[in-house]
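Single-structure report; data block below.
2 protein chains.
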Amino acid sequence: MTDSNSNASLIAPSIPGDALPPVEQHAQQYATVRNAHETELIEDYVELIGDLLAHRGEARAADIANRMAVSQATVSKMIRRLNELELVTSKPYRSLFLTEAGQKMAETSRARHDVVLHFLRALGVKDSTARIDAEGMEHHVSDETLAIMQRFTKQQQKK
Amino acid sequence: MTDSNSNASLIAPSIPGDALPPVEQHAQQYATVRNAHETELIEDYVELIGDLLAHRGEARAADIANRMAVSQATVSKMIRRLNELELVTSKPYRSLFLTEAGQKMAETSRARHDVVLHFLRALGVKDSTARIDAEGMEHHVSDETLAIMQRFTKQQQKK
DNA sequence: CAACATTCTTAGCCAAGGCTAAACTGTTTG
DNA sequence: CAAACAGTTTAGCCTTGGCTAAGAATGTTG
Ligand SMILES: [Mn+2]
Ligand SMILES: [Mn+2]
Ligand SMILES: [Mn+2]
Ligand SMILES: [Mn+2]
Numbered sequence: 145m146t147d148s149n150s151n152a153s154l155i156a157p158s159i160p161g162d163a164l165p166p167v168e169q170h171a172q173q174y175a176t177v178r179n180a181h182e183t184e185l186i187e188d189y190v191e192l193i194g195d196l197l198a199h200r201g202e203a204r205a206a207d208i209a210n211r212m213a214v215s216q217a218t219v220s221k222m223i224r225r226l227n228e229l230e231l232v233t234s235k236p237y238r239s240l241f242l243t244e245a246g247q248k249m250a251e252t253s254r255a256r257h258d259v260v261l262h263f264l265r266a267l268g269v270k271d272s273t274a275r276i277d278a279e280g281m282e283h284h285v286s287d288e289t290l291a292i293m294q295r296f297t298k299q300q301q302k303k
Numbered sequence: 145m146t147d148s149n150s151n152a153s154l155i156a157p158s159i160p161g162d163a164l165p166p167v168e169q170h171a172q173q174y175a176t177v178r179n180a181h182e183t184e185l186i187e188d189y190v191e192l193i194g195d196l197l198a199h200r201g202e203a204r205a206a207d208i209a210n211r212m213a214v215s216q217a218t219v220s221k222m223i224r225r226l227n228e229l230e231l232v233t234s235k236p237y238r239s240l241f242l243t244e245a246g247q248k249m250a251e252t253s254r255a256r257h258d259v260v261l262h263f264l265r266a267l268g269v270k271d272s273t274a275r276i277d278a279e280g281m282e283h284h285v286s287d288e289t290l291a292i293m294q295r296f297t298k299q300q301q302k303k
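Protein chains in written order, with the working numbering: chain A, 145 to 303; chain B, 145 to 303.
Printed below as a string of structure tokens:
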């Protein structure tokens, strides 16, 4: 039992209230998350490569390693994967470039990332926190929610 | 773009199109996400086990497998991990139970999950979408953002 | 232009999180 | 009470995404 609702100004008592969702719906939740996890690192790489190309003119493996706080070996291996997925082109020991498909993914990811980041700031989250949260959240936000976030941000800015 | 935001007094926005963040800050973003990914599946398991115990009285591996849309073998392996982490206790072929630490994690995760879910609904996202988004987002929301979400939800409910 | 520094790749290791197939245990029921 | 069935575990496989250490390519500079 232990029914001491002392400082429970929080949300859910959870015990009697909310029932479990139906199995199929519940399963769908987890499956969608697993799915997002398969693509999110790829998206982050492609988005970063696009940003480096846009802001620095070139995208070197060492820059990616530094920005991601990951070893160069890890980046090198990932670049081979991106190559196989035909998202980047690369000659050994040279800067990277995005394929058509890569550019498209970079744009989409960047746009989505920005919507989430601007939304969090509009909500009142401080910039450094918003950046951290957005980096993870972006991969788990549906188009429906994204549209609502965008509307909210615009509304907030009018005031 | 070009943030005309109230509390963005921190980083200089500069050029339209947002400059890259400083390397250390950028690296911190990715590192935080990697960190979250190490614990999120554990949290989902523990949270689900807590919910099953609360709503069904027992938590069987088969139920978890069904709800997560994952094989029983996968669940069995994960239960061994949860055991080693001393989050659950289990006798072979019997229902699971949470340790003290497990109960604490379940409560914390459930509370956070609910805050995110209720926030999304308060924003105007439809329930089925909100549930899916919340399942992924919850692991990437800072305490700061969580508090703001909670405030927003309460505010919205007053209307 | 030779030496040194930086960058990049390769090889080999590891843990996490999936899977299938097969064996084992516990429960139900004919 | 012995089968049959349902639930659980184990074994073995795979991919992803990290790491370190070592060596090869490139770039810089005395
Ligand atoms: Mn991103
Ligand atoms: Mn990201
Ligand atoms: Mn979750
Ligand atoms: Mn995630």
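Every residue, glycine too, gets a C-beta built ideally from N, C-alpha and C.
Contact between the stretch 166-184 of chain B and the stretch 203-222 of chain B is absent: fewer than 3 CB-CB pairs across the two stretches fall below 8 Å. Secondary-structure assignment with DSSP links A:Ser-234 through a beta bridge to A:Leu-240. Those residues of the stretch 230-253 of chain A placed with their C-beta closer than 7 Å to a C-beta in chain B do not exist. In the three-state reduction of the DSSP assignment, A:Glu-202 falls in the coil class, being assigned neither a helical nor a strand state.
A straight-line Cα-Cα distance of about 19 Å links A:Val-260 and A:Thr-176.
Inter-segment contact for the stretch 221-229 of chain A and the stretch 181-198 of chain A is present: three or more beta-carbon pairs are separated by less than 8 Å. Proximity of the beta carbon of B:Val-177 to ligand 2 is indicated: a heavy atom of the ligand is located closer than 7 Å. One Cα belongs to B:Asp-258, the other to B:Leu-192, and the distance between them is close to 13 Å.
Checking the 7 Å criterion, the Cβ of B:His-283 is within range of a heavy atom belonging to ligand 3. Counting of Cβ neighbours within 10 angstroms places B:Tyr-174 among the buried residues, the total reaching 16 or more.
Contact with chain A is absent for B:Glu-182, since none of that chain's Cβ atoms lies less than 8 Å from the residue's Cβ.
Chain-ordered listing is empty here: chain B has no CB closer than 8 Å to the CB of A:Ser-220, the nearest sitting near 17 Å.
With respect to the C-alpha of B:Glu-251, the residue from B:Leu-164, B:Asn-179 and B:Ala-198 having the closest C-alpha is B:Ala-198. B:Gln-172 reaches chain A at Ile-276, counting residues in chain order whose Cβ is nearer than 7 Å.
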